[in-house]
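Counting in numbering that gives the first Met the number 0, the sequence shown runs from 0 upward without gaps.
Using N, Cα and C, we set each Cβ at its ideal position, and we do this for glycine too.
A short worksheet on the structure shown next.
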Amino acid sequence: MNVPVPEPQIAADKQTLNFVLDWRGQNVTCVVPRKCLEMYFWLPPNADDGRMLKVFRDGFSRIEAVARRKLLARPARSVTLTEADFSGG
């Protein structure tokens, strides 16, 4: 099944990207630090907003899986993904 990628928002300081995920009928805000996109999705450190959005869309399946796993462990109204979440640590 092909799940549509939600429309992400880049923070004014360019250090995070957030999107809304439907979780058990609730809207949950998920925050992805730029550092995670650089380390685990090959975002260049000097990438512009367009590149950051492309990397997010290309990696969304993995990002979504990590967010859902984190929500299963600890349900919340918002979740911030960390380097440890992506590294399995």
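DSSP three-state assignment for residue i, whether helix, strand or coil
i: Val54; result: helix
i: Gly80; result: Residue 80 is actually Leu in this sequence, not Gly. Coil.
i: Val4; result: coil
i: Ser86; result: helix
Residue from the options with nearest C-alpha to residue i
i: Arg67; options: Asp48, Asp57, Thr15 and Asp84; result: Asp84
i: Met38; options: Val54, Lys69, Ser77 and Gln8; result: Val54
i: Asp48; options: Thr15, Ser86, Gly58 and Arg73; result: Thr15
Enclosing alpha helix (DSSP H) for residue i [first to last residue]
i: Leu42; result: Premise fails: Leu42 is in no alpha helix (DSSP H) and is neither H nor E.
i: Ala72; result: Phe59 to Ala72
Run of the beta strand (DSSP E) containing residue i, from where it starts to where it stops
i: Val19; result: Thr15 to Trp22
i: Pro32; result: Gln25 to Pro32
- Message: Three Cβ pairs or more, each shorter than 8 Å: is that satisfied between the region 5-24 and the region 62-82?
- Response: Remark: three or more beta-carbon pairs, one from each stretch, lie closer than 8 Å, so the region 5-24 and the region 62-82 are flagged as touching.
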